[in-house]
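Numbering (full-length UniProt numbering), first residue to last: 1 to 101. Each residue gets a CB set at the ideal place from its N, CA and C atoms; glycine is no exception. On a predicted model such as this, the values are computed, not experimentally measured, just so you know.
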Amino acid sequence: MLYVDGMNGVINHNETIQWLYTLIGSKFRLVVKTALKLLLVFVEYTESNAPLLIQAVSTVDEKRGAKPWSNIMEILEEKDGVDTELLVYAMTLVNKVCLCC
């Protein structure tokens with residue numbers, strides 16, 4: 001998707017970022033890992049993308065009636081089958097967003 005539309009296409013289409021954030025809540029590890037990596041690329045592309053991710057997260061979690069960043073928090077709170085790679089990606093994403101805002 002990033003290669004077809006280019007990063008500017010993704011930046012201008014917040015629904016794509018919402019979809020990627022939603023995928024973080026998947027029960028499939030590789031889907032979660034890929035979504036986290038793509039969101040990291042998005043946030044690292046330019047600092048102005050961090051507020052766009054925050055907006056997408058707020059929109060998704062509001063619609064679900066969940067607390068903000070609940071998908072990320074589920075990864076960080078997981079006690080069974082701890083996957084350190086997912087923990088690293090999740091914390092890196094949170095840190096990148098916090099540093100940019």
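Would you mind sorting residue i into buried or exposed? The rule is 16 or more other CB atoms within 10 Å of its CB.
{"i": "K96", "result": "buried"}
{"i": "N71", "result": "buried"}
{"i": "N8", "result": "exposed"}
Excluding the five sequence neighbours on either side, which residues of its own chain have a C-beta within less than 7 Å of the C-beta of residue i, listed in chain order?
{"i": "K33", "result": "E85, L86, Y89"}
{"i": "T92", "result": "L40"}
{"i": "Y45", "result": "M7"}
Please report the residue range of the alpha helix (DSSP H) in which residue i lies.
{"i": "D61", "result": "49-64"}
{"i": "K37", "result": "29-45"}
{"i": "K96", "result": "84-100"}
How do the segment 59-68 and the segment 78-88 stand: do at least 3 beta-carbon pairs fall below 8 Å, yes or no? Touching, no.
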